[in-house]
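Asks:
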Amino acid sequence: GSEMCIRDSLRSIFNFPIHLENVRKHAVKIRKLEFARTIQKNIKQVNETTLGISWNDGHESEYPVKKLRENCPCANCIDEWSGKKLIEPGSIPDSIRPRNLKAVGLYAIQFNWNDGHDTGLYTHELLRQLCQCSDCQIKK
């Protein structure tokens, strides 16, 4: 699987045999570092329509709450097989607001929206992809 690809890539770079056990050990360390980077430290309401998240790596994300709701990843909002959005463009009102939110383990946030919707689990990875700060917009 992916460990074999990593091993082969390392072998081609360093031009000597790489033992699979070492690849596994280092892959776990890399995953732990990536995971630690993406854990949110603090969530705050920036203003009436914007949510802010401070991340462990120092990044400060900003999200218009309407954009978050429009990008809900649940099976009611995204077709599980095709990945197609099921939310009609323009169907989320400007008045959408999170009523509550909670951490789901160490990997996601679940919002309870004022339209009654609450089934989407927004992974930290998804939230980083949706970041609307000026730095992230330049990278896109």
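According to the numbering used here, the sequence shown is numbered sequentially starting from 44. Backbone N, C-alpha and C define an ideal beta-carbon position, used for all residues, glycine too.
Can at least three beta-carbon pairs, one atom from the stretch 106–117 and one from the stretch 153–169, be found at a separation below 8 Å?
Replies: yes
Asks: Run through DSSP, which three-state label would residue 139 get?
Replies: coil
Asks: Rounding to the nearest angstrom, what Cα-Cα distance links residue 103 and residue 152 in this structure?
Replies: 16 Å
Asks: Are the Cβ atoms of residue 166 and residue 119 separated by less than 8 Å?
Replies: no
Asks: In the DSSP assignment, find the unbroken alpha helix (DSSP H) run with residue 181 in it and report its ends.
Replies: 177–182
Asks: Considering just the uninterrupted stretch of the alpha helix (DSSP H) at residue 149, what are its terminal residues?
Replies: Run containing residue 149: none; DSSP gives neither H nor E here.
Asks: Could you have a look at residue 103 and say whether DSSP puts it in helix, strand or coil?
Replies: strand
Asks: In three-state DSSP terms, what is residue 78?
Replies: Only weak support exists for where residue 78 lies, its pLDDT of 49 falling under 50; the coordinates are left without a value.
Asks: According to the Cβ coordinates, are residue 121 and residue 129 closer than 8 Å?
Replies: yes
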